[in-house]
Amino acid sequence: MSVLFSGSVSDHRLRDRAALFLFGCVATFLVLIGVTPAKAETFDDRVLVVVDESEGESSVAGALARTGLEETATIVDDLSGFERELSANDYDLVIVGAQRSGEFASAVAPVVESYVDDGGRVVATIWTGESLARVLSAEPVSENDERIQTDAHPIFQAASMAETEIDLDNPGWTVFSRSWRPLGDAEGVGQLGDGAALVIGNEGRTAVIGPLFDSFDDVQEGERFVANVMRWILTGGATPPEISTAEPDIHSPAVAELSGVLEDPGDAAVDLYLELGTTPDLADAQRHSTRPEVSSEPTVFSYRAEDLDPGEVYYFRAVGISRAGHVEGEIRELAVSTAALDLPQLEGLWSDTELRGVTLSASWSEAPDLEPEWVGFEYVPAGGDFADIERVSANMEDETLTAELRGLHDGEAYHVRAVAEFGDDRTATASDWVRLQLLGLGAAGGA
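Heads up: the sequence shown begins at 790 in the numbering used here, then just goes up one per residue.
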């Protein structure tokens, strides 16, 4: 009777959740039968942008980047260039910012009207110029209002705006918004002052936005909002995806599995990724690829974060982008323990008829001021369901954990890891999994 216990090489597959394991099996099967994974739809629409003047930081460039349209966008800064480009090329979307000059708005109105009559799509902001507003099925109501009240419209949901308000501000000038009343069959979206924050008209092909492009207090929030208005107009109101961020699964002080859930892909395949940073608002977030990277079906997607700094607090969220919307899940906290657990070590072996037992030990360090509420070992038969993990408590002396693992079956393999739990929320930190193989006769190497 002998035992192989490999503690130097961890089995990465064991860190995957059951849902991710099943997804991998399905993906492999699809490849074998000749079906390739879905690829997210990308925008290749041509966009023409004209804005008469900006004083603050405009949301247009960021919105184009968020929709992948920066490479297909043509930007002009005068009416003649706008007319020339529009007459000479087929543009899928026109973005107009009549942000200061009433003369510009009046002059551009007949050009835009002809384009809309031919089936064109327009996203605009207008400070003065009622003729241009009427072309886009809107009329002004009030001005200089400082806050959008959001509603349940998918444009706001797709922009991942958990708050019910969007603050407006423009240090470059004091005039920064108009509210609107929809005309005819147009739709008012959200509230701004005494009117709507957005009017969608011309059978869903045009949008007039209440705040000027450079008048969002949080520029990134403005970019998300404008990007989703653009998506809505381009796709004819396609349903955006629904995304949530799962709680972190901490494997060890330096390793955690971060996951998101694509609850509903909406009307298009979705690019999936996770953002991870050290600021609560994720201002310093880094983008990380996940498994899977793209899906057109509800799924769990995850990123394995490694080399985390002991004692650091991280923040992360799940993100999904499709042709229909850019959606962000909740921001969650990942507090990294200062404790570091060694891999379990085999100390002894005994036999009892058909059952076997081993004595395990491990140690934890780098946390002299932490008193764990529970320490021990977790184990599960190799190939078993990780929902059926068994536990055995350990004795701890001088930061060394020792326990007897009984009732093991001859010839079977098990996976074992050391675990310590700290704090009222029973935050757990664990070592990597290692493989324990009961061979019966002789020993063999491997992980």
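Every residue gets a Cβ at the ideal spot worked out from N, C-alpha and C, and that includes glycine.
| Asked | Found |
| --- | --- |
| Could you spell out where the beta strand (DSSP E) holding residue 849 opens and where it closes? | Taken as a continuous stretch (DSSP letters only), residue 849 belongs to no beta strand (DSSP E), being part of the alpha helix (DSSP H) at 849-855. |
| Consult DSSP for residue 1211 and reduce its assignment to one of helix, strand or coil. | strand |
| Taking Cβ positions, are residue 1104 and residue 1067 nearer each other than 9 angstroms? | yes |
| Please report the distance separating the alpha-carbon of residue 924 from that of residue 970. | 13 angstroms |
| Of all the options 856, 1009, 1054 and 994, which has the alpha carbon lying nearest to the alpha carbon of residue 846? | 1009 |
| So what's residue 1220 in DSSP terms, helix, strand or just coil? | coil |
| For residue 1118, which option in 870, 1039, 1070 and 903 has the closest C-alpha, if you only look at C-alpha atoms? | 1070 |
| Does the beta-carbon distance from residue 1022 to residue 1045 come in below 9 angstroms? | no |
| Please list the terminal residues of the continuous beta strand (DSSP E) segment that includes residue 1180. | 1179-1182 |
| Any idea which residues DSSP pairs residue 1046 with across the strands? | 1038 and 1093 |
| Are the CB atoms of residue 1120 and residue 1060 within a distance shorter than 9 angstroms? | no |
| Under three-state DSSP, which class holds residue 980? | strand |
| Is it true that the CB of residue 888 sits closer than 9 angstroms to the CB of residue 1002? | yes |
| Which partner residues of residue 1066 appear in the DSSP bridge assignment? | 1104 |
| Can you tell me whether residue 953 is buried or exposed, with buried defined as 16 or more other CB within 10 angstroms of its CB? | exposed |
| Give me the residue from 1075, 1108 and 1065 with the minimum Cα distance to residue 1083. | 1108 |
| Find out if the Cβ-Cβ distance for the pair residue 1114, residue 1195 is shorter than 9 angstroms. | no |
| What's the C-alpha gap between residue 828 and residue 1112? | For residue 828, the predicted structure reports a pLDDT of 44, less than 50, and the residue's modelled location is therefore unreliable. The matter cannot be settled from this model. |
| Out of 919, 982, 974 and 1085, state which residue places its alpha-carbon closest to the alpha-carbon of residue 992. | 974 |
| How far does the beta strand (DSSP E) with residue 1170 in it extend, from its first residue to its last? | 1163-1170 |
| Check each candidate in 1177, 1183, 1153 and 1175 and name the one with the smallest Cα separation from residue 1166. | 1183 |
| Identify the continuous beta strand (DSSP E) that holds residue 957 and give its terminal residues. | First-last for residue 957: undefined, no H or E at that position. |
| Quick one, which of 1204, 1147, 1049 and 1151 has its alpha-carbon nearest residue 1174's? | 1204 |
| So, using beta-carbon positions, are residue 1052 and residue 1032 closer together than 9 angstroms? | yes |
| Does the distance from the CB of residue 999 to the CB of residue 984 come in under 9 angstroms? | yes |
| Taking 9 angstroms as the cut-off, decide whether the C-beta atoms of residue 1018 and residue 944 are in contact. | yes |
| Within 9 angstroms (strictly less), CB to CB, does residue 1013 reach chain C? | As a matter of chain content, chain C is missing from the structure shown, which is built from one protein chain. |
| Could you tell me the alpha carbon to alpha carbon distance between residue 1199 and residue 1145, rounded to whole angstroms? | 6 angstroms |
| Could you work out which residue in 921, 1125, 956 and 1207 is closest to residue 1188 when comparing CA atoms only? | 1207 |
| For residue 978 versus residue 921, is the C-beta spacing smaller than 9 angstroms? | no |
| Return the chain-ordered list of same chain residues with a C-beta closer than 7 angstroms to the C-beta of residue 1201, the five sequence neighbours on each side being excluded. | 1170 and 1227 |
| Should residue 1055 and residue 1079 be called a contact, given that it needs their Cβ atoms to be closer than 9 angstroms? | no |
| Could you check which residue in 1072, 989, 932 and 1124 has the C-alpha nearest to that of residue 964? | 932 |
| Nearest to residue 1152 by CA position, among 872, 907 and 1192, is which residue? | 1192 |
| Between residue 972 and residue 928, what straight-line distance do the alpha-carbon atoms span, to the nearest angstrom? | 7 angstroms |
| Reducing DSSP to helix, strand and coil, say where residue 898 ends up. | helix |
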